[in-house]
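Plus 295 on top of the position in the sequence shown (first one is 1) and you've got our numbering.
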Amino acid sequence: MVNVNMLKKTFKEKISKLKIEHILYFIICSILVVSCFFSPIYSWDLDHEMYFGSRLLHGELIWTQEFHDKLPFVPFLFVIPAYFKSIFVFKILSLLSILGVFFSFIFLIPKIFKSKNLNDKALFCSIVYFSILYFSYDSIATINCISVSLYFIAFLLIIYERKTNNEHSRIACKIIGSLLAAAVISIRPYFLPAFGIVVFYASFIENSKKILFSRKVYHSFVWIFLIGVFGVVLNVIPYVLTQQMSAFWDGLSLLREHINPLSASHDFFKRMRKFPDIILWGSWFLMFFCFVGSNKEKEAQKNVAKELFFVAFLSNLFMIFYMLSEHYWRHYIQLFVANYCLCLFSVLLVLAPNNYFSISCMGKKKIKIERIFSIISLFFIFFLCFELKKEIHLAKTMKFLDAGDSYSTTNNWKEKLFSDYMEKKNRKNKFSFLFPDDMKAHWVLEEGRHNFPHSANTRQILSGWWKNITFKSSHFLIATNSEQYCRLIASKGADLIIVQPNSFVIPCLVDPHNGYVLQVVLENSIGKEFVFKRITRP
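Here it is as structure tokens:
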């Protein structure tokens, strides 16, 4: 029999331990979660990933019929959202990854620092982590959110594996940590140098006096080997099992091509000086100077905090170097959030080791850190209430508006307009169709793109970004300029091609030599679509 009185007593003890800031944190998380689901606008990048997730449900791996500038593991993240045809399902997955960060902060950080008195700082940094992701570009509706969250968990597992003496825990950390690291690198390869720094620290610096050099080399080799093995499992094995390795090599070859002609360093430093990026970078450098100027006490906990700070800071720095050698988009700032919050936690631990801030300008008066967190949280809740009100209003407004260039809405007006037309006019015939500029129609209506480049690549090709590409594939279509793209339209285009008035593809379709004629203009209060029908084939 369950002792009811004992359960009541335990429940009361748990309630009594609740602090005002815990309640405030719960309110903040609740408002952020609700705001995430009210937000009607998201980046069209997500439509690309949803499409390739939907093709995976049809048995098509990327690069076997269509090129995608991601590694093969990425579409597997979208199988469940594509199955339910719901952006909201993907947002749930993103929120679950953020929840993993919360648990890592609460359960792994105390074990790494061997202290149970860190929950206040850990919870605060978790809230900061969620908030930055929510307010950054594209919010949580992006693969960046999942990749940076898994990076955070893998980072702490690699560090904890070196701290624990429990052999079973070490084996579990190695397996789970290396699997997560492989998944993170498969989603965003920019994390590769960051993991290199973390593994180097865990192998060669942590416990450096207690372990022979040969053991350190062996330890780092095991991590590198496991991450490599899981990377092969996640990205290569599907092609081996389906006997499509030639498609894998074709996709990898084109992926290695330098497609983006924009200067990564120019874009990075330009964004760095603008709001809101300047807040993150400015506060990060402020934290760095706080660390450099902090006292030199040899307290064990502070030493671990300083090591954690510099490992996270260096990981971030090497990620930047890698990005500058490739390209930089504004939403990449999300990839730095995990390292930022690890640095923030380390600073709080060094500046307020006993949960008190000492303010020298006030006669070294001490202020309890919980009070500061509560005041910040209270003001933040008021701000979030206005944010939620804005999102609710935007959700109502976007029912009657289009999202604009490179963005989509949860209102599928283009897809519904076309599907209603097809149902009324073409009930007897099954026509193939292509939306050159819109990926959403293809995953919502479950139609492949007939080997044509996806929408983002189509725009890049027609803008001249691919002009130096010489690679050819037998698995997917490649065009390097508008002339070649128009020839592909003429020779391999679908029965119906649907575009909007501002489409880059319209010049190809109005050319009478390409075999298309404008069949109908579909229009509603939000916008219009031109439906071109093939009349001749070469």
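Don't be surprised by glycine CBs; every beta carbon is placed ideally from N, CA and C.
For this session: Express the C-alpha separation of residue 633 and residue 784 in angstroms, rounding to a whole number.
Result: For the purposes of this step, residue 784 is taken as residue 489 along the sequence shown, with counting starting at 1. For the purposes of this step, residue 633 is taken as residue 338 along the sequence shown, with counting starting at 1. The straight-line gap from Cα to Cα measures roughly 44 Å.
Problem set entry | Reduced DSSP category for residue 745 - H, G, I as helix; E, B as strand; rest coil | Residue numbering aside, residue 745 sits at position 450 when the sequence shown is read from its first letter. Note: residue 745 maps to coil in three-state DSSP.
Problem set entry | Counted within 10 angstroms of its Cβ, other Cβ atoms place residue 540 as buried (16 or more) or exposed | Sequence index remark: in the sequence shown, residue 540 carries index 245 (1-based). In the assembly as shown, residue 540 is an exposed residue. Its beta-carbon has fewer than 16 other beta-carbons within 10 Å.
Problem set entry | beta strand (DSSP E) segment containing residue 702, residue limits | Numbered from 1 along the sequence shown, position 407 holds the residue referred to as residue 702. Looking at the DSSP string, the run of the beta strand (DSSP E) that includes residue 702 is 702-704.
Exercise. Are the segment 525-535 and the segment 325-342 in contact at 8 Å, needing three or more beta carbon pairs?
Worked result: With the cut-off at 8 Å, the segment 525-535 and the segment 325-342 do not touch.
Problem set entry | 3 or more residues per run - each beta strand (DSSP E) lying fully within the segment 665-716 | Here the runs fully enclosed are 702-704.
Problem set entry | Contacting residues, own chain, Cβ-Cβ under 8 Å from residue 816 (five flanking each side not counted) | In the sequence shown, residue 816 corresponds to position 521, counting from 1. The beta carbon of residue 816 is closer than 8 Å to those of 823, 824, 825, 826 in its chain, skipping five residues each way along the sequence.
Exercise. Thinking C-beta only, is residue 744 closer than 9 Å to residue 378?
Worked result: For the purposes of this step, residue 378 is taken as residue 83 along the sequence shown, with counting starting at 1. For the purposes of this step, residue 744 is taken as residue 449 along the sequence shown, with counting starting at 1. No, the Cβ-Cβ distance between residue 378 and residue 744 is not below 9 Å.
For this session: Kindly identify the DSSP beta-bridge partner or partners of residue 823.
Result: The residue labelled residue 823 in the question sits at position 528 within the sequence shown. DSSP, once it has assigned bridges, lists 818 as partnering residue 823.
For this session: Compare the C-beta of residue 824 against all C-beta atoms of chain D and say whether one is closer than 9 Å.
Result: In the structure shown, chain D cannot be found, because there is only a single protein chain.
Exercise. Could you check where the beta strand (DSSP E) with residue 791 kicks off and where it finishes?
Worked result: Numbered from 1 along the sequence shown, position 496 holds the residue referred to as residue 791. That run of the beta strand (DSSP E) goes 791-794.
For this session: Below 7 Å CB to CB, which residues in the same chain sit around residue 445 once its five sequence neighbours on both sides are set aside?
Result: Indexing the sequence shown from 1 puts residue 445 at position 150. Take residue 445, set aside five residues on each side of it, and the residues of its chain with a beta-carbon closer than 7 Å to its own are 392, 475, 478, 479, in chain order.
Exercise. Just the Cα atoms here: how many angstroms apart are residue 776 and residue 559?
Worked result: One-based indexing of the sequence shown puts residue 776 at position 481. One-based indexing of the sequence shown puts residue 559 at position 264. Looking at the two C-alpha atoms, the distance is approximately 23 Å.
Exercise. For residue 278, does the three-state DSSP call read helix, strand or coil?
Worked result: Beyond the ends of the chain as shown, which are 296 and 833, falls residue 278; an answer cannot be given.
Problem set entry | Option in 630, 631, 668, 628 with minimal Cα separation from residue 647 | Residue mapping note: residue 647 aligns to position 352 of the sequence shown, counting from 1. It is 668.
For this session: Under 6 Å Cβ to Cβ from residue 568, same chain only, skipping five residues before and after it: list those, please.
Result: Within the sequence shown, the letter at position 273 stands for residue 568. Cβ neighbours of residue 568 within its own chain (closer than 6 Å, five residues either side excluded): none.
Exercise. Tell me, which residues are paired with residue 729 by DSSP?
Worked result: By one-based count along the sequence shown, residue 729 stands at place 434. According to DSSP, residue 729 shares a beta bridge with 792.
Problem set entry | Length at least 4, wholly inside the segment 401-461: the alpha helix (DSSP H) runs in chain order | Every unbroken stretch of the alpha helix (DSSP H) spanning 4 or more residues and falling wholly within the segment 401-461 is given here in chain order: 404-408, 414-430, 438-458.
For this session: Tell me, please, whether the segment 406-414 touches the segment 432-446 by the rule of three or more beta-carbon pairs shorter than 8 Å.
Result: No: the two stretches stay apart, fewer than three of their Cβ pairs being nearer than 8 Å.
Exercise. Does the beta-carbon of residue 788 have 16 or more other beta-carbons within 10 angstroms, so that it is buried, or is it exposed?
Worked result: Position 493 of the sequence shown, counted from the first residue, corresponds to residue 788. By the neighbour-count rule (16 or more Cβ atoms within 10 Å), residue 788 is buried.
Exercise. With 16 other CB atoms within 10 Å as the buried threshold, where does residue 258 fall?
Worked result: Coverage of the chain is limited to positions 296 through 833, which leaves residue 258 absent and any answer about it impossible.
Exercise. Just how far apart, CA to CA, sit residue 485 and residue 766?
Worked result: What you label residue 485 is simply residue 190 of the sequence shown in a count that begins at 1. What you label residue 766 is simply residue 471 of the sequence shown in a count that begins at 1. Taking the straight line joining both Cα atoms gives about 24 Å.
For this session: Indicate whether the contact test is met: 3 or more Cβ pairs, each with one atom in the segment 424-431 and one in the segment 322-337, closer than 8 Å.
Result: Verdict: yes, contact present.
Exercise. Based on the DSSP secondary-structure assignment, which residues constitute the bridge partners of residue 338?
Worked result: The residue given as residue 338 occupies position 43 in the sequence shown. BP columns for residue 338 point to 702.
Exercise. Between the segment 694-711 and the segment 725-744, do at least 3 Cβ pairs fall closer than 8 Å?
Worked result: Counting Cβ pairs under 8 Å, three or more are found: they touch.
For this session: Return helix, strand or coil for residue 628, following the three-state DSSP convention.
Result: Here residue 628 refers to the residue found at position 333 of the sequence shown. Looking at residue 628 - three-state DSSP - the assignment turns out to be helix.
Problem set entry | For residue 828, three-class secondary structure by DSSP | Locating residue 828 in the sequence shown gives position 533, counting from the first residue. Strand at residue 828.
Problem set entry | Own chain, CB closer than 6 Å to residue 611, minus 5 neighbours either side, in chain order | Working through the sequence shown from its first residue, we reach residue 611 at position 316. Excluding residues within five positions, the ones whose Cβ falls inside 6 Å are 631, 634.
For this session: Give every residue of the same chain whose Cβ lies closer than 6 Å to the Cβ of residue 499, excluding the five residues on either side of it in the sequence, and list them in chain order.
Result: Taking the first residue of the sequence shown as position 1, residue 499 is located at position 204. Excluding positions up to five away in sequence, the list reads 511.
For this session: Starting from the Cα of residue 497, find the closest Cα among 547, 574, 757, 450 and give me that residue.
Result: Position 202 of the sequence shown holds residue 497. Of the listed residues, the one whose Cα sits closest to residue 497 is 450.
Problem set entry | Contact under 9 Å by Cβ, residue 376 with residue 530 | If you number the sequence shown from 1, residue 376 lands on position 81. If you number the sequence shown from 1, residue 530 lands on position 235. Not closer than 9 Å, so no.
For this session: Assign residue 764 to one of three DSSP states: helix, strand, or coil.
Result: Start at 1 with the first residue of the sequence shown, and residue 764 comes out as number 469. Looking at residue 764 - three-state DSSP - the assignment turns out to be coil, as it is neither helix nor strand.
Exercise. What whole-angstrom Cβ distance do residue 245 and residue 693 have, given they're in contact under 8 Å?
Worked result: Absent from the model: residue 245. The displayed extent of the chain is 296 to 833, so no value can be given.
Exercise. Whole-angstrom Cβ separation of residue 489 and residue 582, contact assumed at under 8 Å?
Worked result: One-based indexing of the sequence shown puts residue 489 at position 194. One-based indexing of the sequence shown puts residue 582 at position 287. Distance from residue 489 to residue 582 at the Cβ level is roughly 18 Å; contact not present, criterion being Cβ atoms closer than 8 Å.
Exercise. Would you say residue 746 and residue 771 are within 9 Å of each other, going by their C-beta atoms?
Worked result: To locate residue 746, count along the sequence shown from 1; it is residue 451. To locate residue 771, count along the sequence shown from 1; it is residue 476. It is a contact, given that the beta carbons lie within the stated cut-off.
Exercise. So what does residue 784 bridge to, in DSSP terms?
Worked result: Translated into the one-based positions of the sequence shown, residue 784 becomes position 489. Answer is none; residue 784 lacks a bridge partner.
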